[in-house]
Amino acid sequence: IDVDVPSGEYGAGQVINFSVSFDRQVVVSGIPLLPLNAPMPATYTHGSGTATLHFEFRVIEGDNLDRLDVSTQADASLMLPLPHDDTITLLTNGDSSSPVTADLAYGAISLPDSLGIAIDP
Numbered sequence: 008i009d010v011d012v013p014s015g016e017y018g019a020g021q022v023i024n025f026s027v028s029f030d031r032q033v034v035v036s037g038i039p040l041l042p043l044n045a046p047m048p049a050t051y052t053h054g055s056g057t058a059t060l061h062f063e064f065r066v067i068e069g070d071n072l073d074r075l076d077v078s079t080q081a082d083a084s085l086m087l088p089l090p091h092d093d094t095i096t097l098l099t100n101g102d103s104s105s106p107v108t109a110d111l112a113y114g115a116i117s118l119p120d121s122l123g124i125a126i127d128p
C-alpha cells in the first residue's frame, strides 16, 4: 500500500490518494472502501482491470490524527458497503476468475513507519 503525498500535516479539503497493489489483475464492481483510522474510510476511485486499486481520502473539518493509517482494528478489512453489490475479483491465468473475500484480502496492512501523515483540524 502506498500514498501519493509526503510526510506532513494535512487539513480540511485536502485529498490523500492510496494505492493498493495485488499480485495479479483485479476487477471491481461497485465502490469498495479502504478502512482507515480516521472517521471516514478512503473511497475506491479506479484501477479495475489492473493490479493496483486506487482510493481517495478527503480530509474533513474536525478530523484530527497524529498519524493517518489503514485501520488497525482486528476486524478491519477492505469493505464492501451494504447491500454487498460490490465485488472484487482476482483474475487467474485461465479464463475463470476467483472471487476475493474482502475480509481475507487485507489483514494487518499499514503505511510504512517512515511515512508520517498527520491530520490537523
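Be aware that the sequence shown starts at 8, since it is given in my numbering, and climbs by one per residue.
Glycine residues also receive a C-beta, built at the ideal position from the N, C-alpha and C atoms.
Outcome for Val77 when other beta-carbon atoms lying within 10 angstroms are tallied against a minimum of 16: The residue labelled residue 77 in the question sits at position 70 within the sequence shown. Flag for Val77 reads buried.
Chain-order list of residues whose beta-carbon lies under 8 Å from that of Leu43 (same chain, five-residue window excluded): Sequence index remark: in the sequence shown, residue 43 carries index 36 (1-based). So the qualifying residues of the chain are Ala49, Phe64, Leu75, Asp76, Val77, Ser78.
Residues bridged to Leu75 [DSSP beta-bridge criterion]: One-based indexing of the sequence shown puts residue 75 at position 68. BP columns for Leu75 are empty, so no partner.
Candidates Gly69, Gly54, Glu68, Gly18, of which the one nearest Phe25 by Cα: Translated into positions along the sequence shown, residue 25 becomes position 18. Checking every option, the nearest Cα to that of Phe25 belongs to Gly54.
Gly18 versus Val10 - alpha carbon distance: By one-based count along the sequence shown, residue 18 stands at place 11. By one-based count along the sequence shown, residue 10 stands at place 3. Approximately 16 Å, taken between the alpha carbons.
Local conformation of Ile126 per DSSP, three classes: The residue labelled residue 126 in the question sits at position 119 within the sequence shown. If DSSP states are grouped into helix, strand and coil, Ile126 belongs with the strands.
Euclidean distance between Cα positions of Ile67 and Ile124: Stepping through the sequence shown from its first residue, residue 67 is reached at position 60. Stepping through the sequence shown from its first residue, residue 124 is reached at position 117. The straight-line gap from Cα to Cα measures roughly 15 Å.
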